[in-house]
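J.: Residue numbers (my numbering): 372 to 827.
Note that beta-carbon positions come from the ideal geometry of N, C-alpha and C, so glycine has one too.
Remember, it's a predicted structure, so these values are computed and weren't measured experimentally.
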Ligand code: GAP
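Next comes the structure, spelled out in C-alpha cells:
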C-alpha cells in the first residue's frame, strides 16, 4: 500500500489535497495522470451503461437539492454511523470498525459477523468486552453520527436556510423521474444513470482514496414493472454487467473479485436485497460496487413529500403505478484505486503499471533520441503532431532513453516511440512495448494504425 501511495504521488496520479497547508483530513486531488485515468474510466462507464444501451438515458442533477428530498429519502435521521469517542483524545471511531479490529486479536470471536450487530448490540459488546480506543483509552457510549453534510444557501444562516450536500447521486434521479418521463420517449423497463460528486461526513478515514468525504459516484436507477419483470433476473443481469465491466473493460484480475450478499441487519433502510462486488484491496476485501433492490421505496417517498404524482402510465394498458427499481452504484474513485492496485507490478529492474491499454492515461510516448539535434527533434515533433491528433500522446526529451522508459512504465504507457538517426534515413522508428519490453522497427506511416489498434 505504501509503495502504491508513493508511486501515485511521485508520478502525479494522486496528491494529498491542500498539501501546502499540511493537507486536509482525507482529501485528495488528482494530478495530470490521475485526471486522465479518472476521465477514461468515467467515459467507459458512460459508454457501456448509457450510450450503448437503448434502455438507458443519462442525467446530471445538482449537488444541492431541495432539503425535503433528504427527508423523503430517509437520509435525515437514519443516514448515520454508530460512533464512539475516545474519552481522553476525543477522537471519534466507528464502533463496528473498533469491534472488527478487536476481533482480529481474539480468535474465539472470529466467527462473529459484526455487520449483523445493531447500534445497541455494538454498544453492549464494546462495554462487555471493555474494548478501548486504538490509543488504549476508554471509549464513550455508542452514538449515532449523521453522515449528511449540512451547508447554508444565501447569506443568512439559520435552520430555514439549511441544505445538504448530496449523500448519494441517486435522489437527483428520483426527483427528476417525472421530468424524464414527460420529456423523453422512454418506456419500462428503463434506467437513468448519472456520474457526480457526493459528500459524506465519514468517521473512519485513512484508507487513501477508498473512503473520502468527497467522492464521485456512478449510479443507475433501473425502473421496471414488478408484475411484468422478475427482479431477481434483472438483478442477475446487472450483476453480470458490473462484473463484465470490471473484468473486460477495466482489465481487472478475476481472482481479486468476489460477490458478497448483505445480511438483514446490514442492508440499508430502503433495500430488500443487496450484493456487493468486493475487490481485494491491499487492506483486505472491501466493497467496490453495490447493487440493491430498492423496490418502490424512493419514488413513493418523493411522491409523498412533494405531493406530485410520480406514477408511470403503461402506454398499452393505461395502468398507473409506481415502478420498482434496481440500483447499481459505484464509487468512481474506488474503480480508479482498484485499477492502480491491480496494475502495480514490481519486477527485477523496474516498477510497471500494467493498466489496460484502452484506459491508460497516455497511449504512447514519443522521444527524440537526443534533444540537441534539431533534425531529430523536428522529425519527432512531426510524429507527435500526427499521432496526437487521434491518440493521447506524451512528449519527453529529457534524460536518457533508459530513464524515459522507466518513467513511462510507472505511468502505465503501453508504447514508447524513439526517433533516432536511422529514422532520418529510413523513416522507421523504434517502438517499445510496455509489458514485454520488446522493441521493433516500425515505418512512421504505419504507427498510428498499430498504436490505435492496440489501445482502443
Ligand atoms: N445510492 C446508494 C449508495 O450510495 P453506497 O453503498 O453508500 O450506496 C455506493 O455507495 C458506492 O459509492 C459504494 O459502493 C462505493 O463504491 C462508493 N462510496 C460510498 N462511500 C464512499 C466514500 N466515502 N468514499 C469513496 N467512495 C464511496
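Measuring from the CB of residue 661, is there a heavy atom of ligand 1 at a distance below 7 Å?
T.: Correct: residue 661 has its Cβ closer than 7 Å to ligand 1.
J.: Can you give me the C-alpha to C-alpha distance between residue 601 and residue 645, rounded to a whole angstrom?
T.: C-alpha separation (whole angstroms): 16 Å.
J.: Report the start-end ranges of each alpha helix (DSSP H) in the stretch 761 to 816 that is 4 residues or longer and not cut off at the edges.
T.: For the stretch 761 to 816, whole alpha helix (DSSP H) runs of length 4 or above, ordered along the chain, are 772 to 782, 792 to 797.
J.: Specify the secondary structure class of residue 523 as computed by DSSP and reduced to three states.
T.: It is a strand residue.
J.: Write down the C-beta distance between residue 593 and residue 741 rounded to the nearest angstrom, noting that I regard them as a contact closer than 8 Å.
T.: Contact doesn't hold; Cβ gap of about 56 Å is too wide.
J.: Quick test of the definition: if touching needs 3 or more C-beta pairs under 8 Å, does the stretch 649 to 666 touch the stretch 699 to 715?
T.: The stretch 649 to 666, when compared against the stretch 699 to 715, does touch it at the 8 Å Cβ threshold.
J.: Comparing the CB of residue 533 with every heavy atom of ligand 1, is any distance shorter than 7 Å?
T.: No, the Cβ of residue 533 stays beyond 7 Å of every heavy atom of ligand 1.
J.: Could you give the first and the last residue of the continuous beta strand (DSSP E) run that contains residue 559?
T.: No beta strand (DSSP E) contains residue 559, which DSSP labels as neither H nor E.
J.: Taking the continuous alpha helix (DSSP H) assigned at residue 668, which residues delimit it?
T.: It spans 668 to 677 - the alpha helix (DSSP H) in which residue 668 sits, taken as one unbroken run.
J.: Would you report the Cα separation of residue 731 and residue 407, rounded to the nearest angstrom?
T.: Roughly 8 Å between the two C-alpha positions.
J.: If you run the structure through DSSP and keep just helix, strand and coil, what is residue 569?
T.: Residue state, collapsed to three classes: strand.
J.: Can you tell me which of the three DSSP states residue 363 falls into?
T.: The question about residue 363 has no answer here: the residues shown for the chain are numbered 372 through 827.
J.: The beta strand (DSSP E) that contains residue 589, what's its start and end?
T.: Residues 585 to 595.
J.: Could you tell me the alpha carbon to alpha carbon distance between residue 465 and residue 500, rounded to whole angstroms?
T.: Each residue's Cα considered, the two are about 16 Å apart.
J.: For residue 498, name the three-state secondary structure that DSSP assigns.
T.: Residue 498: helix per DSSP, three-state reduction.
J.: Along the chain, where does the alpha helix (DSSP H) containing residue 447 start, and where does it finish?
T.: Per DSSP, residue 447 belongs to the alpha helix (DSSP H) from 446 to 449.
J.: Using 8 Å as the Cβ pair cut-off and three pairs as the minimum, do the stretch 404 to 421 and the stretch 471 to 487 touch?
T.: Judged by Cβ distances under 8 Å, the stretch 404 to 421 makes no contact with the stretch 471 to 487, as fewer than three pairs qualify.
J.: Go ahead and label residue 679 buried or exposed: buried means 16 or more other beta carbons lie within 10 angstroms of its beta carbon, across all protein chains shown.
T.: Classification for residue 679: exposed.
J.: Would you mind stating whether residue 433 and residue 543 have Cβ atoms separated by less than 8 Å?
T.: It is a contact, given that the beta carbons lie within the stated cut-off.
J.: Are the beta-carbon atoms of residue 790 and residue 758 separated by less than 8 Å?
T.: For residue 790 and residue 758, no; Cβs fall outside 8 Å.
J.: Per DSSP, what are the beta-bridge partners of residue 632 in this structure?
T.: In DSSP, residue 632 forms a bridge with 646.
J.: CB of residue 731 to nearest heavy atom of ligand 1: below 7 Å?
T.: Not under cutoff, so the answer is no.
J.: Got a sec: does ligand 2 put a non-hydrogen atom nearer than 7 Å to the Cβ of residue 583?
T.: Of the ligands one can find in the structure shown, namely ligand 1, none is ligand 2.
J.: Short of 8 Å in beta carbon distance, which residues of its chain neighbour residue 826, apart from the five on each side in sequence? Order them along the chain.
T.: Once the five neighbours on either side are set aside, the close Cβ partners of residue 826 are 728, 729, 731, 734, 735, 762, 785, 786.
J.: Between residue 819 and the rest of its own chain, which residues show a CB-CB distance below 8 Å, the 5 nearest in sequence each way excluded?
T.: So the list reads 757, 758, 761, 762, once near-sequence residues are dropped.
J.: Can you grab the Cα-Cα spacing for the pair residue 445 / residue 642, in whole Å?
T.: So the alpha carbons of these two residues sit roughly 12 Å apart.
J.: Restricting to Cα atoms, I'd like to know which of 568, 498, 558 is closest to residue 585.
T.: When each option's Cα is compared against that of residue 585, the closest is 568.
J.: Do residue 675 and residue 684 have their C-beta atoms closer together than 8 Å?
T.: Cβ distance not < 8 Å, so residue 675 and residue 684 don't count as in contact.
J.: Under 8 Å, do residue 452 and residue 504 count as touching if we go by C-beta distance?
T.: For residue 452 and residue 504, no; Cβs fall outside 8 Å.
J.: For residue 485, which residues from the same chain have a beta carbon less than 6 Å from its beta carbon, with the 5 sequence-adjacent residues on both sides left out?
T.: If we look at residue 485 and ignore the five residues flanking it on each side, its Cβ neighbours are 467, 470, 471.
J.: For residue 378 and residue 372, what's the separation of their Cα atoms in angstroms?
T.: Rounded to whole angstroms, residue 378 to residue 372 spans 10 Å at the Cα level.
J.: Just to check, is the beta-carbon of residue 451 closer than 7 Å to a non-hydrogen atom of ligand 1?
T.: No, Cβ of residue 451 sits at least 7 Å from all heavy atoms of ligand 1.
J.: Can you tell me whether residue 701 sits near ligand 1, meaning its C-beta is under 7 Å from at least one heavy atom of the ligand?
T.: Because some heavy atom of ligand 1 lies under 7 Å away, the Cβ of residue 701 counts as near it: yes.
J.: Could you tell me whether the Cβ atoms of residue 768 and residue 738 are closer together than 8 Å?
T.: In contact: residue 768 and residue 738 (Cβ atoms closer than 8 Å).
J.: Which of the three DSSP states is assigned to residue 396 in this structure?
T.: Residue state, collapsed to three classes: coil.
J.: Give me the Cα-Cα distance between residue 384 and residue 390, rounded to the nearest whole angstrom.
T.: Cα to Cα, the separation comes out at about 14 Å.
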